[in-house]
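Numbered per the working numbering, the sequence shown spans residues 7 to 325. Think of the CB as a built atom: it goes at the ideal place given N, C-alpha and C, for glycine as much as any other residue. Since the structure is predicted, the reported quantities are computational estimates derived from the model, not experimental observations. Remarks on the structure that follows.
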Amino acid sequence: MILHIALPEDWAAARAAGHYTVSTRGATVDRVGFLHASEDAAQVGIVGPAVYADRPDAVVLAMDEAALEAAGLTVRRERGVPGDPHSPLFPHVYGGPVPVGLMTPLPRADVDPRVVREDDAEALRLQDAGWTPASTSWGARLRLADDADLAPYERRVAAVRAAGFQVRRLTPDDVGQVRRLDGETAADYPATAASSHSPLPEDLAVRLTLPGHRGYGAFQDGVLAGFTLLDRLDDRWDVDRTAVHPTGRRRGLAAAVKALSVLETHREDGARTWGTGGAGANAGSLAMNRTLGFELEPLWLALVPALTWPEAAATSGTP
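Take a look at the structure:
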């Protein structure tokens with residue numbers, strides 16, 4: 007990984023154009039012939055005071071050499087002062103402007119993320135200033151028309167029942183098993199600034215008897231293998247969590263309990279909209295929900311600011 011110091015306005019312009027055209031402050035790649043870079047934080051500490059002393063807000067971008075080479079660019083180590091054999095070697099990137107996708111602002115690790123939706127103007131402003139996603143979370147909606155075809159949901163439930171599972175609505179008597187399975191699978195929930203595992207409510211048994219709360223489970227020989235819990239909001243039924251025991255995964259259990267929740271809330275409560283969500287890292291959950299017809303909404307980004315060159319230089323341990 008090699009590093010480059012960038013002015014925030016240059017980074018914003020590059021994000022808009024798709025390519026970073028600046029070689030160093032006040033000079034383009036086309037004019038100089040290459041992009042100036044630093045080997046590490048120590049070299050950032052050399053370049054920063056020399057070129058960006060009055061711009062402590064300049065951020066540090068990282069580039070992977072293998073990715074640069076794969077994109078047809080070349081990295082050469084050359085003297086910082088041409089012709090001076092005592093001048094340190096610096097990486098120079100040849101081959102033209104660098105695609106923005108090959109440059110990543112180095113994130114600060116000592117700050118709490120700011121969570122914004124990706125379609126929010128604030129998200130664009132922050133990313134133009136060098137903020138980067140520490141994590142992403144997604145939300146999705148399922149919307150059914152009055153005459154929607156429910157057969158695909160019925161088939162999901164029937165397939166799991168044919169495999170020997172009982173799929174049904176949860177009752178207060180099932181709460182002990184729900185708590186056990188929730189505890190066994192808690193570590194499977196990726197923790198992000200916008201989504202994480204939370205303890206089950208103490209009054210879960212009572213909630214399961216109330217009109218605005220439901221749960222559905224898949225049982226094998228009386229043992230709970232998977233469940234989903236959902237709550238009725240003003241505009242939708244919203245999934246609180248879905249969990250499947252490791253031994254029951256890839257058998258359609260999560261899809262089956264969710265399918266039954268859709269069928270029963272649709273038929274008994276007139277539901278037309280359902281919501282769910284999760285961490286961006288949980289691709290399997292997103293894929294499963296898409297098979298049920300859930301459509302992805304704009305992502306939630308947990309953005310953190312980029313390291314400025316003085317902050318990066320301070321990590322080198324050199325004065």
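Please look up how many angstroms separate the CB atoms of residue i and residue j, rounded, as I've assumed it's under 8 Å.
i, j, result
"residue 113", "residue 310", "5 Å"
"residue 250", "residue 259", "5 Å"
"residue 98", "residue 84", "5 Å"
"residue 162", "residue 262", "5 Å"
"residue 127", "residue 257", "With a Cβ gap of about 44 Å, residue 127 and residue 257 do not count as contacting."
"residue 50", "residue 41", "15 Å between Cβ atoms; not a contact."
"residue 221", "residue 184", "7 Å"
"residue 62", "residue 314", "6 Å"
"residue 291", "residue 299", "Not quite, the Cβ-Cβ distance comes to about 15 Å (not below 8 Å), so this is no contact."
In whole angstroms, give me the CA-to-CA distance for residue i and residue j.
i, j, result
"residue 212", "residue 194", "26 Å"
"residue 226", "residue 164", "14 Å"
"residue 48", "residue 266", "59 Å"
"residue 39", "residue 296", "47 Å"
"residue 174", "residue 152", "24 Å"
"residue 280", "residue 56", "57 Å"
"residue 245", "residue 282", "5 Å"
"residue 148", "residue 171", "25 Å"
"residue 17", "residue 223", "50 Å"
"residue 81", "residue 196", "37 Å"
"residue 93", "residue 115", "33 Å"
"residue 100", "residue 120", "36 Å"
"residue 72", "residue 138", "21 Å"
"residue 130", "residue 187", "40 Å"
"residue 308", "residue 89", "46 Å"
"residue 218", "residue 271", "10 Å"
"residue 7", "residue 108", "11 Å"
"residue 229", "residue 190", "14 Å"
"residue 157", "residue 273", "13 Å"
"residue 86", "residue 53", "10 Å"
"residue 37", "residue 135", "25 Å"
"residue 67", "residue 192", "36 Å"
"residue 59", "residue 21", "24 Å"
"residue 238", "residue 318", "48 Å"
Could you tell me if residue i is buried or exposed, where buried requires 16 or more neighbouring beta carbons within 10 angstroms of its beta carbon?
i, result
"residue 91", "exposed"
"residue 204", "exposed"
"residue 9", "buried"
"residue 302", "exposed"
"residue 178", "exposed"
"residue 234", "buried"
"residue 325", "The predicted model places residue 325 with a pLDDT of 49, which falls under 50 and marks its position as unreliable, so this point remains unresolved."
"residue 155", "exposed"
"residue 215", "exposed"
"residue 268", "buried"
"residue 276", "exposed"
"residue 70", "exposed"
"residue 252", "exposed"
"residue 23", "exposed"
"residue 78", "exposed"
"residue 103", "buried"
"residue 117", "exposed"
"residue 241", "exposed"
"residue 254", "buried"
Taking the alpha carbon of residue i as the point to measure from, which residue in the options has its own alpha carbon closest?
i, options, result
"residue 124", "145, 218, 217", "145"
"residue 312", "185, 110, 42, 77", "110"
"residue 12", "28, 23, 198, 206", "28"
"residue 30", "21, 140, 64, 230", "64"
"residue 210", "201, 293, 176", "176"
"residue 264", "207, 241, 166", "166"
"residue 106", "26, 160, 318", "26"
"residue 306", "159, 133, 240, 286", "286"
"residue 133", "304, 317, 19", "19"
"residue 181", "201, 159, 206", "206"
If you measure from the CB of residue i, is any heavy atom of the ligand ADP nearer than 7 Å?
i, result
"residue 70", "As far as ligands go, the structure on display features none, and thus does not contain the ligand ADP."
Can you list the alpha helix (DSSP H) stretches of 4 or more residues lying completely in the segment 214-288, in chain order? 259-275
Report the start-end ranges of each alpha helix (DSSP H) in the segment 154-191 that is 4 residues or longer and not cut off at the edges. 157-168, 181-191
Please give me, in chain order, every unbroken run of the beta strand (DSSP E) with length at least 3 that falls completely inside the segment 105-138. 120-123
I'd like the ranges of any beta strand (DSSP E) spanning at least 3 consecutive residues and lying wholly in the segment 68-107. 80-85, 95-100
Counting only runs of 4+ residues fully inside the segment 7-42, write out the alpha helix (DSSP H) ranges in chain order. 14-23, 35-38
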